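Enquirer: Chains A and B, in that order, are what the protein sequence lines are.
Using the numbering used here, the first residue of the first sequence is number 2, and each one after it goes up by one.
Using the numbering used here, the first residue of the second sequence is number 19, and each one after it goes up by one.
First, the structure itself, so that you have it in front of you.
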Amino acid sequence: MGKTLAEKIWAEHVVRAAQGEPDLIYIDLHLIHEVTSPQAFDGLRLAGRPVRRPDLTIATEDHNVPTLNIDKPIADPVSKLQVDTLRANCTEFGLRIHSLGDKEQGIVHVVGPQLGVTQPGMTIVCGDSHTSTHGAFGALAFGIGTSEVEHVLATQTLPLQRPKTMAINVEGSLQPGVTSKDIILAIIAKIGTGGGQGYVIEYRGGAIRALSMESRMTVCNMSIEAGARAGLIAPDQTTFDYIKGKPHAPEDFDAAVSYWKTLFTDADAKFDVEVNLNADELEPFVTWGTNPGQGLPLNSVVPNPADIADSEAREAVERALVYMGLEAGTPLKKIAIDTVFLGSCTNGRIEDLRAAADVLKGKKIASTLRMLVVPGSARVRLEAEAEGLDKVFLDAGAEWRNAGCSMCLGMNPDQLAVGERSASTSNRNFEGRQGKGGRTHLVSPLVAAATALRGTLSSPADL
Amino acid sequence: MEKFIKHTGTGVPLRRSNVDTDQIIPAVYLKRVTRSGFEDGLFAAWRNDPEFVLNKDVYKKGTVLIAGADFGTGSSREHAVWALQNYGFKVVISSRFADIFRGNSLKGGLLTIILDQAEVEAMWAAVEADPSTSITVDLETRTVGYGSKSLPFDIDDYTRWRLMEGLDDIGLTLKQTDSIDSFEKSRPAYKPTTLPIRS
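Following this line, the structure appears as structure tokens:
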């Protein structure tokens with residue numbers, strides 16, 4: 002029987018397999034940031050261990066960094082200590098780091114692909130659950146905890162239980178105004194936040210093949226929101242073209258491509274589970290609740306808990322509506338927004354900024370809200386400025402910020418106030434995720450831009 | 019890592035499903051560079067509510083957290099495990115855990131046990147009826163016992179052995195250095211490196 006793509010990559014990275022033990026898997030690339038690494042470096046120091054492969058490791062500063070006044074010292078002393086600790090650790094262990102102010106600084110999952118160090122067939126890890134993003138290149142990429150960060154630093158391997166495989170087939174084609182963000186939000190609503198637990202998802206089908214690399218990254222990025230540690234897409238010409246010319250693209254490009262072309266699921270391979278979705282039927286999708294599975298097409302109304310038979314599910318919806326300050330039956334398009342956030346590892350790439358700028362061009366955002374535009378990396382920011390996108394955002398009345406995770410998780414000063422409501426292109430609408438008491442609606446960049454203009458959740462079709 | 023063989027303590031019923039890692043410890047509490055001191059951030063948003071279960075005197079000494087389904091979804095932050103451990107929890111029971119959280123917990127010696135939802139609900143009822151109910155978690159026999167009940171749970175042999183011996187995963191892997199060395203020799207040249215820096 003043939004192998005799935007995930008099984009092929011797994012098999013190529015087994016350093017050691019023994020009965021009754023997890024497989025020891027080799028890691029091709031380890032991405033590091035300031036939040037989940039300090040305790041790992043401490044562990045190395047305590048045990049007197051070096052970093053085994055500094056040349057397969059790269060660090061950047063993203064979670065904590067301010068997006069304003071980046072030429073000044075970080076104002077929050079605790080954030081500053083964490084960033085300073087990362088810099089000191091990289092110096093001590095001889096690791097490459099892109100710090101605030103460097104043109105390659107940015108969100109780890111934007112930086113890897115733009116440097117070309119993210120390539121098909123690799124195993125990629127980072128102490129961040131959105132590492133699944135890199136799966137868009139046909140890599141097996143997943144988030145790890147700090148103990149595992151230390152393990153990879155010391156050994157360049159991880160002992161891992163072999164995951165099960167799930168295929169999500171998206172056939173058909175997207176209507177205008179519908180994006181890859183809507184695909185993944187619809188998938189999560191369909192299979193639930195636990196639907197992917199224990200699986201690696203492979204996204205397949207015509208609608209996936211038609212996506213650009215950056216749109217594919219958006220899909221894979223949110224695999225973890227469906228519970229799957231990793232999600233991937235088989236590489237194709239779109240992938241090869243994207244990598245070509247990147248700083249770390251293979252020098253022997255043809256040799257690499259001939260290997261990459263072997264990276265697909267065999268026709269006779271079997272997935273443990275298959276899920277089907279029709280892209281023709283998809284509409285712009287938004288979340289109304291407090292987990293990414295609580296989403297609906299934008300033309301829907303806030304659900305009524307009374308319609309739910311299962312008591313636990315009903316209570317979860319009731320609790321979400323109380324937290325979100327929403328009444329059952331309210332049309333989603335009537336929900337007024339205070340802050341629009343465009344950015345994050347989900348939707349902070351140049352194509353996302355272009356799509357939003359296209360909607361905003363020559364118009365003004367509603368006077369009732371603020372809009373933050375936070376490029377995913379310093380390079381994305383420079384690229385946007387070269388295209389004049391910064392002017393479009395500023396002319397529309399939005400704020401043009403420096404790169405980082407920013408309001409996606411509110412570790413830096415970019416936070417929602419208590420009760421403040423956002424339309425956010427990020428990945429998690431958990432309670433308090435964007436600031437204590439803040440209320441988040443997850444949306445695509447197109448919906449974010451249209452919402453900014455109208456003041457209520459909207460799509461470009463409503464303009 | 020401390021050995022985990024058997025633990026006896028009282029339970030804390032957390033009647034919520036989908037408790038994500040942002041609820042276990044919000045991002046603003048992740049800025050410490052140590053492995054300790056995260057207990058203040060545990061369930062931070064809910065701790066202001068006097069009715070929240072951890073604020074009730076009868077549950078203050080609990081060491082076994084009994085949670086709803088899909089516990090630990092979201093972020094990979096191991097701080098969620100440290101916050102639970104720093105607070106004093108030794109065991110978390112749920113019908114479903116998120117993959118990364120479960121992996122982190124078992125690396126760090128916080129035992130996460132999967133029981134059927136019906137068993138979780140029975141434990142909630144028992145602990146709420148009598149918060150002093152003694153719960154014994156025995157990794158040797160793979161059972162959770164309270165009152166007259168003894169419930170078996172699954173855990174793979176390797177993880178169980180590692181927890182019972184309190185073994186450092188890295189130390190175990192470093193014994194395989196020869197295998198890693200020889201694997202590296204066979205890695206193709208077109209695989210990327212981050213050094214030297216190219217631009």
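Ideal Cβ placement from N, Cα and C applies to all residues, glycine included.
A quick note: this is a predicted structure, and the numbers were derived from the prediction, not measured.
Looking at A/R382 and B/L213, is the spacing between their C-beta atoms short of 8 Å?
Expert: For the purposes of this step, residue 213 of chain B is taken as the residue at position 195 of the second sequence. For the purposes of this step, residue 382 of chain A is taken as the residue at position 381 of the first sequence. Cβ atoms of B/L213 and A/R382: not closer than 8 Å.
Enquirer: Figure out for me which residue from B/Y176, B/A136, B/Y77 has the closest Cα to the Cα of A/Q20.
Expert: For the purposes of this step, residue 20 of chain A is identified with residue 19 of the first sequence, where counting begins at 1. For the residues B/Y176, B/A136, B/Y77, the minimum Cα distance to A/Q20 belongs to B/Y176.
Enquirer: Return the chain-ordered ranges of every alpha helix (DSSP H) run that is complete within the stretch 380-435 of chain A and spans a minimum of 4 residues.
Expert: 390-397
Enquirer: Closer than 9 Å, Cβ to Cβ, to anything on chain B: give me those residues from the stretch 47-62 of chain A, in chain order.
Expert: A48, R50, R53, R54, P55, D56, L57, T58, I59
Enquirer: Any contact of the stretch 105-113 of chain A with the stretch 55-71 of chain A, i.e. 3+ C-beta pairs under 8 Å?
Expert: Cβ pair count under 8 Å is three or more, so yes.
Enquirer: Pull up the DSSP beta-bridge partners for B/H25, would you.
Expert: Stepping through the second sequence from its first residue, residue 25 of chain B is reached at position 7. In DSSP, B/H25 forms a bridge with B/V155.
Enquirer: Is A/A137 helix, strand or coil when you go by DSSP?
Expert: Counting from one through the first sequence, the residue named residue 137 of chain A turns up at place 136. If DSSP states are grouped into helix, strand and coil, A/A137 belongs with the helices.
Enquirer: Based on DSSP bridge pairs, tell me the residues matched to B/D168.
Expert: The sequence position of residue 168 of chain B within the second sequence is 150, counting from 1. With the sequence shown as reference, residue 168 of chain B is identified as Ser, and Asp is not the correct amino acid for it. B/S168 is bridged to B/G163.
Enquirer: Does the beta-carbon distance from A/Q40 to B/T211 come in below 8 Å?
Expert: Locating residue 40 of chain A in the first sequence gives position 39, where the first residue counts as 1. Locating residue 211 of chain B in the second sequence gives position 193, where the first residue counts as 1. No.
Enquirer: Who pairs with A/A231 in a beta bridge, going by DSSP?
Expert: Within the first sequence, the letter at position 230 stands for residue 231 of chain A. Bridge partners of A/A231: A/V201.
Enquirer: Given A/A270, which residues of its chain have a CB within under 6 Å of its CB, disregarding the five upstream and five downstream residues?
Expert: In the first sequence, residue 270 of chain A corresponds to position 269, counting from 1. G3, K4, T5.
Enquirer: Could you check whether A/T180 and A/M214 sit closer than 8 Å to each other, using their CB atoms as the reference points?
Expert: Your numbering for residue 214 of chain A matches position 213 in the first sequence. Your numbering for residue 180 of chain A matches position 179 in the first sequence. Cβ distance not < 8 Å, so A/M214 and A/T180 don't count as in contact.
Enquirer: Got a sec: which bits of the stretch 113-143 of chain B sit with their beta carbon under 7 Å from any beta carbon on chain A, in order along the chain?
Expert: R114, A116, D117, I118, G121, N122, K125, G126
Enquirer: Going by DSSP, which residues form a beta bridge with A/I26?
Expert: What you label residue 26 of chain A is simply residue 25 of the first sequence in a count that begins at 1. Paired residue(s): A/V15, A/L159.
Enquirer: Flag A/G146 as yes if its beta-carbon sits less than 8 Å from any beta-carbon of chain B, otherwise no.
Expert: What you label residue 146 of chain A is simply residue 145 of the first sequence in a count that begins at 1. By this cut-off, A/G146 is an interface position.
Enquirer: When the Cα of A/P78 is compared with those of A/V444, A/M412, A/S425, A/R434, which residue comes out closest?
Expert: Here residue 78 of chain A corresponds to residue number 77 of the first sequence, with the count starting at 1. Minimum Cα distance to A/P78 is reached at A/M412.
Enquirer: Nearest CA to the CA of A/C127: which residue from B/Y208, B/M182, B/E96?
Expert: Start at 1 with the first residue of the first sequence, and residue 127 of chain A comes out as number 126. Considering only alpha carbons, the answer is B/E96.
Enquirer: So with Cβ pairs under 8 Å, would you call A/T158 a contact of chain B?
Expert: Along the first sequence, read from residue 1 onward, the residue named residue 158 of chain A stands at position 157. A/T158 counts as touching chain B.
Enquirer: State yes or no: is the beta carbon of A/H249 nearer than 8 Å to at least one beta carbon in chain B?
Expert: Here residue 249 of chain A refers to the residue found at position 248 when the first sequence is read from its first residue. At least one chain B Cβ lies under 8 Å of A/H249.
Enquirer: Would you give the residue range spanned by the beta strand (DSSP E) that A/N170 belongs to?
Expert: In the first sequence, the residue the question calls residue 170 of chain A occupies position 169. Start and end: 165-172.
Enquirer: May I ask you to report which of helix, strand or coil DSSP gives B/R114?
Expert: For the purposes of this step, residue 114 of chain B is taken as the residue at position 96 of the second sequence. B/R114 falls in the coil class under three-state DSSP.
Enquirer: What does B/Q6 reach in chain A if we use C-beta pairs closer than 8 Å?
Expert: Residue numbering for chain B in the displayed model covers 19 to 217; residue 6 of chain B lies beyond these limits and cannot be assessed.
Enquirer: Give the range of the alpha helix (DSSP H) segment to which A/I192 is assigned.
Expert: Translated into positions along the first sequence, residue 192 of chain A becomes position 191. Taken as a continuous stretch (DSSP letters only), the alpha helix (DSSP H) holding A/I192 covers 181-192.
Enquirer: Taking B/D38 as the query, report the chain A residues whose CB atoms sit under 9 Å from its CB, ordered along the chain.
Expert: What you label residue 38 of chain B is simply residue 20 of the second sequence in a count that begins at 1. Within 9 Å Cβ-Cβ: T194, T291, N292, R429, F431, E432, R434.
Enquirer: Are the CB atoms of B/K108 and B/G27 nearer to each other than 8 Å?
Expert: Along the second sequence, read from residue 1 onward, the residue named residue 108 of chain B stands at position 90. Along the second sequence, read from residue 1 onward, the residue named residue 27 of chain B stands at position 9. It is a contact, given that the beta carbons lie within the stated cut-off.
Enquirer: Give me the subset of the stretch 14-35 of chain A whose CB atoms are less than 8 Å from a CB atom of chain B, sorted by chain position.
Expert: Answer in chain order: V16, R17, G21, E22, P23, L25, Y27, D29, L30.
Enquirer: Can you confirm whether the stretch 163-175 of chain A touches the stretch 438-447 of chain A when touching is taken to mean that 3 or more C-beta pairs between the two stretches lie within less than 8 Å?
Expert: no
Enquirer: Hey, B/R180 and B/D187 are a contact pair by Cβ (cut 8 Å); roughly how many whole angstroms apart?
Expert: Residue 180 of chain B sits at position 162 when you count from the first residue of the second sequence. Residue 187 of chain B sits at position 169 when you count from the first residue of the second sequence. Sure, about 7 Å apart at Cβ, within 8 Å.
Enquirer: Along the chain, where does the alpha helix (DSSP H) containing A/H497 start, and where does it finish?
Expert: This structure gives no information on residue 497 of chain A, because the portion of chain A shown stretches from 2 to 464.
Enquirer: Looking only at its own chain, which residues have a Cβ that is under 6 Å from the Cβ of A/N292, when we skip the five neighbours before and after it?
Expert: Taking the first sequence and counting its residues from 1, one reaches residue 292 of chain A at position 291. Closer than 6 Å at Cβ, skipping near neighbours: T194.
Enquirer: Hey, does A/L101 have any beta-carbon neighbour from chain B nearer than 8 Å?
Expert: The residue labelled residue 101 of chain A in the question sits at position 100 within the first sequence. No, because no Cβ of chain B sits closer than 8 Å to the Cβ of A/L101.
Enquirer: Check the Cβ-Cβ distances between A/L283 and every residue of chain D, and say whether any is below 8 Å.
Expert: Reference to chain D is not applicable here, since the protein chains of this structure are A and B.
Enquirer: Name the residue from A/E149, A/A418, A/N430, A/S130 whose alpha carbon lies nearest to the alpha carbon of A/L25.
Expert: Counting from 1 along the first sequence, the entry for residue 25 of chain A is found at position 24. Considering only alpha carbons, the answer is A/E149.
Enquirer: Per DSSP, what kind of secondary structure is B/S197 in: helix, strand or coil?
Expert: Translated into the one-based positions of the second sequence, residue 197 of chain B becomes position 179. Three-state result, B/S197: helix.
Enquirer: Using only the alpha-carbon positions, how far apart do A/T219 and A/T134 sit?
Expert: As a position in the first sequence, residue 219 of chain A is number 218, starting the count at 1. As a position in the first sequence, residue 134 of chain A is number 133, starting the count at 1. Cα to Cα, the separation comes out at about 7 Å.
Enquirer: Identify, in the order they occur along the chain, each residue of the same chain with its Cβ nearer than 8 Å to the Cβ of A/L465, setting aside the five sequence neighbours on each side.
Expert: As displayed, chain A neither begins before 2 nor continues past 464, which places residue 465 of chain A out of reach and without an answer.
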